[in-house]
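Colleague: From first to last, the protein sequence lines are chains A and B. Residues in the first sequence are numbered consecutively from 2, following my numbering. Residues in the second sequence are numbered consecutively from 12, following my numbering. The C-beta atom is built at its ideal place from N, Cα and C for all residues, glycine as well.
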Amino acid sequence: MDAQQALADLTEISSQIHAAVVIDDQGTVAASTIGDSRRSDELAKAAGGLLTAADEIKTGESALTQLEVATGEGSVFVVRSGKTVIAATTGNNPTAGLVFYDLKSAMRTVKPAAKSAAVKKPAVAKRKTATAPKKKTATRKPPTKKKPDAS
Amino acid sequence: MRRSIAALLGIIGGMLAGAAFIRRQAAHRERADLYFEDGSMLSLTNGSPGAERLLPLARDVIRKTRST
């Protein structure tokens, strides 16, 4: 799915989200709910700065995957998968779990189609090979029913 | 006359106290929650060094979306 379409679906599903931007693995804006491209770039840079600052705060070895910063003016949500980032803003007191869920769903649809196709093909092949032995075992079972002979 | 003035002062005082309480509550609500890959979460409340760094950046992000 197109990143812009994913954001359109996101804002339609989640009424809490005011604005959102998708930043691709090259750091450029892939899609935005803001019409003006210059302001979308500024928003992406600001969200990137927020993510970088949060990365510097981390204490352990584990990577930062998502964050929420709640201010008096509203909240900022950032979800990261690999190098792809979705940043969104909401009003005050949003339902954080729902917003994160919607952002992750959008992230899954934003992922390049080529990658998902490459992953799906082996999975189909595996299923075929996995189902074949089951049929064999199922057909072998009837001969084991030797109860009539035993009685 | 004195009773009405006292009542008026009481209402104004109550309003000021309420406004201060709401402002304080709003200030307490400001925080930054960081979620990591291993499932751990770090919550930085307003006043901590990490939150003091992230909150202005988040306000900047919100202002950039609102100036449409």
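Using 10 angstroms around the beta-carbon of G75 of chain A, count the other beta-carbons present and answer buried if the total reaches 16, otherwise exposed.
Modeller: buried
Colleague: Taking the beta strand (DSSP E) that Q67 of chain A belongs to, which residues open and close that run?
Modeller: L65 to T72
Colleague: Put I153 of chain A into one of helix, strand or coil per three-state DSSP.
Modeller: The requested residue 153 of chain A does not occur in the structure, where chain A is confined to residues 2 to 152.
Colleague: If you measure between the beta carbons of A55 of chain A and V22 of chain A, is that distance less than 8 Å?
Modeller: no
Colleague: Can you give me the C-alpha to C-alpha distance between A89 of chain A and I16 of chain B, rounded to a whole angstrom?
Modeller: 50 Å
Colleague: I believe K59 of chain A touches F47 of chain B by the beta-carbon criterion, under 8 Å. Please report the beta-carbon distance rounded to the nearest angstrom.
Modeller: That pair is a contact at about 7 Å.
Colleague: For G61 of chain B, would you say it is in contact with chain A, using Cβ-to-Cβ distances shorter than 8 Å as the test?
Modeller: yes
Colleague: With contact counted as at least three CB pairs below 8 Å, one residue from each stretch, are the region 95-109 of chain A and the region 12-29 of chain A in contact?
Modeller: yes
Colleague: When the Cβ atoms of the region 26-45 of chain A are set against those of the region 62-78 of chain B, are three or more pairs found closer than 8 Å?
Modeller: Touching, yes, given that three or more Cβ pairs across the two stretches are closer than 8 Å.
Colleague: Taking 8 Å as the CB-CB cut-off, is K75 of chain B touching chain A?
Modeller: yes
Colleague: From the DSSP output, in three-state form, read off D44 of chain B for me.
Modeller: strand
Colleague: Leaving out five residues before and five after M5 of chain A in sequence, what residues of the same chain have Cβ atoms less than 7 Å from its Cβ?
Modeller: Here residue 5 of chain A turns out to be Gln, not Met, going by the sequence shown. So the list reads A32, once near-sequence residues are dropped.
Colleague: Going by the beta-carbon positions, is the gap between I87 of chain A and V77 of chain A smaller than 8 Å?
Modeller: One thing to note: I87 of chain A has its Cβ no nearer than 8 Å to the Cβ of V77 of chain A.
Colleague: Nearest to A82 of chain A by CA position, among A:A20, A:A64 and A:T53, is which residue?
Modeller: Per the sequence presented here, residue 82 of chain A reads as Ser, with Ala not at that position. For S82 of chain A, the nearest C-alpha among the options comes from A:A64.
Colleague: Please confirm if A47 of chain A has its CB atom under 8 Å from at least one CB of chain B.
Modeller: yes
Colleague: Just the Cα atoms here: how many angstroms apart are S59 of chain B and R13 of chain B?
Modeller: Cα to Cα, S59 of chain B sits roughly 48 Å from R13 of chain B.
Colleague: Between S51 of chain B and L27 of chain B, what straight-line distance do the alpha-carbon atoms span, to the nearest angstrom?
Modeller: 41 Å
Colleague: Considering only the alpha carbon of each residue, which of A:G28, A:L51, A:H19 and A:A9 lies closest to T91 of chain A?
Modeller: A:H19
Colleague: Please decide whether A30 of chain B counts as near chain A, where near means a Cβ-Cβ distance under 8 Å.
Modeller: no
Colleague: T34 of chain A: which of A:L44, A:G28 and A:Q27 sits nearest, CA to CA?
Modeller: A:L44
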